[in-house]
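In the numbering used here, the protein residues as written are 388 to 660.
Note that the Cβ used here is the ideal one computed from N, Cα and C, for glycine as well.
Note that the structure is predicted; figures quoted are calculated from it, not measured.
What follows is a short report on a single structure.
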Amino acid sequence: METIDVAGRTRTYTLVTPEDGDYDRLLLVFHGSTQNAGVFRAFTGNAFDRPAGTAVAYLDGFRGNWNDARKASRFPARTQGIDDVAFTEAVVKRVADGRETFAAGYSNGGGMVIRLLHERPDLIAGGAVIAAQQPAPDNFLTPGLPVVPKPVLLIHGTKDRIVPYGGGEMAAWARAVFRVGGGMLSAPETAAYFARRNGITAAPVTTELPSGDGTRTTVSRTDHRQDGRAPVTLYTVHGGGHTIPGPKPSPALMGRTATDLHAARTIADFFGF
């Protein structure tokens, strides 16, 4: 575990580098609510470790959460004004040292990636958001900032009981447990939102992907692409829960996990690692 002092606090992160110590890029990984770097790595079976030529920095949130892009967040990272943007910047400056940097986040961590895409696009070359959505306009913490187009990858399950695929507010029990609130765009609306930010006017194209993992999930890919524009892609996991597709299924209470779609590999392919 690495430590770094940011805004008067000592923050921690776990850095995984290729065996020879040489890397061409940095991937920042933001865990979900109530997790930390170690829990996230176990949760995913270490699937995000060591993509070719890439260092991976798993950042630790404050008391298990990130000060994300939702105005109605109420966990300590928000109520205590934790500067997770500054934390991100400090890690990028130390570890990337000028190398291209990407960010991936799950759930609350996905909300942190959304905040970075709006507030500090200079820090990242692109963002991957799993099981999280763009806040509705009245729930968005940082509106009105200049737009800097970035490639965006989204992955979301249609049976997500915590962050509903169709948007709107989370269920009452989830709002109480995770101390968040406010409306969200649906997953397809989130993809369309980022496509508009990137200046894409072409109609999206949806492709059904082959399935055979036996988990009773299927996957479709919706691509917003146009020459000269940063792409946006949404992977919809039909029947999938609040999970990260990959080799290790999540606990059953989280819903079904698609194991024939590997989120970490999909992220590397999308960004061209």
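- Its Cα nearest to that of V534, the residue A582 stands out among P634, F489 and A582.
- Under a 10 Å Cβ-count criterion, Q521 is classified as buried, with 16 or more other Cβ atoms of the shown protein chains found around its own Cβ.
- Under the three-state reduction of DSSP output, M557 falls in the coil class, being neither helix nor strand.
- Distance between A434 and P524, taken at the CA atoms: about 34 Å.
- Taking every protein chain shown into account, the CB of A589 has fewer than 16 other CB atoms within 10 angstroms, so this residue is exposed.
- With contacts defined by Cβ atoms closer than 9 Å, T630 and T609 do not form a contacting pair.
- Short of 6 Å from the beta carbon of R612, and not among the five residues preceding or following it, lie these beta carbons of its own chain, in chain order: P618.
- For G448 and V426, the gap between their C-alpha atoms comes out near 12 Å.
- Listed as beta-bridge partners of G627 by DSSP are R643.
- Taken through DSSP and simplified to helix, strand or coil, T441 comes out as strand.
- Of the residues G432, F417 and A444, the one whose Cα lies closest to the Cα of E389 is A444.
- Shown here, A490 sits in a strand according to DSSP, grouped into three states.
- When rounded, the separation of the alpha-carbon atoms in I391 and P591 is 42 Å.
- Contact between A645 and G627 holds, since their C-beta atoms are separated by about 5 Å, short of 8 Å.
- If you draw a straight line from the Cα of L504 to the Cα of R603, it comes to about 33 Å.
- The secondary-structure analysis by DSSP pairs H611 across a beta bridge with V619.
- The stretch 537-548 makes no contact with the stretch 564-572: fewer than 3 CB pairs, one atom from each, lie closer than 8 Å.
- For I542, the enclosing beta strand (DSSP E) has its first and last residue at V539 to G544.
- Taking C-beta separations shorter than 6 Å and ignoring five residues to either side along the sequence, the partners of A424 in its chain run T401, Y445 and D447, following chain order.
- Going by DSSP, A515 is part of the beta strand (DSSP E) stretching over G514 to I517.
- Contact annotation: V479 and I501 have beta-carbon atoms that are not nearer than 9 Å.
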